[in-house]
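Peer 1: Supplied in structure tokens, the structure appears directly below.
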């Protein structure tokens, strides 16, 4: 009996040190800790729910763990929560909501780790008086942040609309301790041959909803559809702000760009060569966007409204071009049934000259006109394939309208959560240059634009239809379509004919019309 008992003890001790036993003990301990944590969270939630209507106010909000960030930056950030708590009729539920807004603001700036814990307690010198239970209770909130690395360097490849590029980027976070960013970038691409820019961004009054951006740039873009390369150097200053209650984003920007049209092809048309050389663009632009789509790359529901208005050539810095340019875009995605989505879009724009020449409005330049057509724009046409042409060169236009209607179907045996879709679509557009009405000798700008817009709205658009495969990646959208043009102005090879694309067409980008 003694030997047998002794053997059992040694077997137990041996088993206790085995890897399987240790793993089982750790799993049991982890499950026990998780159970305790869940119960604690449940008790905390129940306590908050029970006392959610208790009047409170913030005695203090302290942010810890940010030695490189200015105190004044945090003071402005937490001020709305402190002011709100002093207005009366402030409850524990309101306090948690305001604190959540503050933490979301801290996360928005991307200078701290995204996991930001916080703690709420009463001040150490506070004594609760049961005789006055309805008196507001002071709260002390502590927010623990951890600053991210100040310097960020990265390189890689990028996918934009109708082009790809390789880039090197460097960013300096929290430059002066107020969530400022200095961003340097250099890239080489298929259409944008080279792009160099330096961008400085700073929030306005420590707000996550408003910022100022200053940008210097130098780019060389291959506009092969118009037989030239465009060089741009200059400065862009932008003020951005958002109104979350209405899901609105707006910006006002000033751009001063020195542009050069150069590196013409041997067969570049005379109409393009007339705009060769330098031009100075000085413009103020307002952009308004309201986007309720569930996914901007592959939406299944929601709407988009985008309005852009720009005026160039006025005031003391008027440059060499003068015009008012207005664009409007709407898009809709609506779920039907079983993962099938109907999508539609409608866009339009006007380029209105503000300077007249000897015999009418001074023509706009090819660098400012609209160019539509391409795998990301109006499918079934080449890049810049719609509108006025001279030989094979796209001349662009001063007024356009374009639209599309499509159906997206889930892939068989893949499921609706996958980014893969079949699509069927029909799209089209019309692009016109500012023209003189018949029987009008001395045309003014208003007459010419009225006549051009009336033609735009009454004449049949160029159309294309097709089917294809869509893949919505988090970074970009990929499309492979078989396109069939069904309405094209002119015959291929003729002077001024539009350039359609029959057969397979591949597109990749972040925005598709």
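Residue numbers (the numbering used here): 1199 to 1711. The beta carbon of each residue, even a glycine, is placed where N, CA and C say it ideally should be.
#1: Okay, do the stretch 1583-1598 and the stretch 1559-1575 touch, 3+ Cβ pairs below 8 Å being the bar?
#2: Going by DSSP, name the residue or residues bridged to residue 1521.
#3: Given 7 Å as the limit, tell me if residue 1560 has its C-beta closer than that to any heavy atom belonging to the ligand GDP.
#4: Which same chain residues end up closer than 7 Å to residue 1610 when comparing Cβ atoms and leaving out the 5 residues on each side of it in sequence?
#5: From residue 1541 to residue 1449, what distance separates their C-alpha atoms?
#6: Apply the 10 Å Cβ neighbour rule to residue 1266 and answer buried if 16 or more other Cβ atoms are within range, or exposed otherwise.
#7: Among 1686, 1685, 1678 and 1709, which has the Cα closest to the Cα of residue 1701?
#8: Please name the residue or residues paired with residue 1533 in a DSSP beta bridge.
#9: Measure the C-alpha to C-alpha separation of residue 1499 and residue 1491 and round it to an integer number of angstroms.
#10: Looking only at its chain, what residues have a beta carbon closer than 7 Å to the beta carbon of residue 1680, apart from the 5 residues adjacent to it on each side?
#11: Please state the DSSP three-state secondary structure of residue 1601.
#12: Please report the straight-line C-alpha distance between residue 1390 and residue 1537, rounded to a whole angstrom.
#13: Does the Cβ of residue 1228 have 16 or more other Cβ atoms within 10 Å, making it buried, or fewer, making it exposed?
#14: Restricting to Cα atoms, I'd like to know which of 1394, 1561 and 1510 is closest to residue 1451.
#15: Nearest CA to the CA of residue 1272: which residue from 1340, 1614 and 1546?
#16: Under 8 Å by Cβ, that's how I've got residue 1455 and residue 1426 pegged, so tell me the actual separation to the nearest angstrom.
#17: Buried or exposed: where does residue 1587 fall if 16 or more other Cβ atoms within 10 Å of its Cβ makes it buried?
#18: Who are the near neighbours of residue 1630 in its chain, counting only those whose CB is closer than 8 Å to its CB and skipping five residues on each side?
#19: What does a CB cutoff of less than 7 Å around residue 1658 pick up in its chain, not counting 5 residues either side in sequence?
#20: Quick check: the Cα distance between residue 1647 and residue 1682, rounded to an integer number of angstroms?
#21: Less than 8 Å between the beta carbons of residue 1393 and residue 1414, yes or no?
#22: If you measure between the beta carbons of residue 1435 and residue 1407, is that distance less than 8 Å?
#23: Using C-beta distances below 6 Å, list every residue in its chain close to residue 1582, excluding the 5 sequence neighbours before and after it, in chain order.
Peer 2: From the atom records:
#1: yes
#2: 1510 and 1551
#3: Here there are no bound small molecules, and the ligand GDP is not part of this structure.
#4: none
#5: 27 Å
#6: exposed
#7: 1678
#8: 1539
#9: 6 Å
#10: 1664, 1665, 1666, 1701 and 1702
#11: strand
#12: 37 Å
#13: exposed
#14: 1510
#15: 1340
#16: Not quite, the Cβ-Cβ distance comes to about 16 Å (not below 8 Å), so this is no contact.
#17: buried
#18: 1585, 1586, 1595, 1596, 1597, 1598, 1650, 1653 and 1654
#19: 1685
#20: 32 Å
#21: no
#22: no
#23: 1423, 1569, 1571 and 1592
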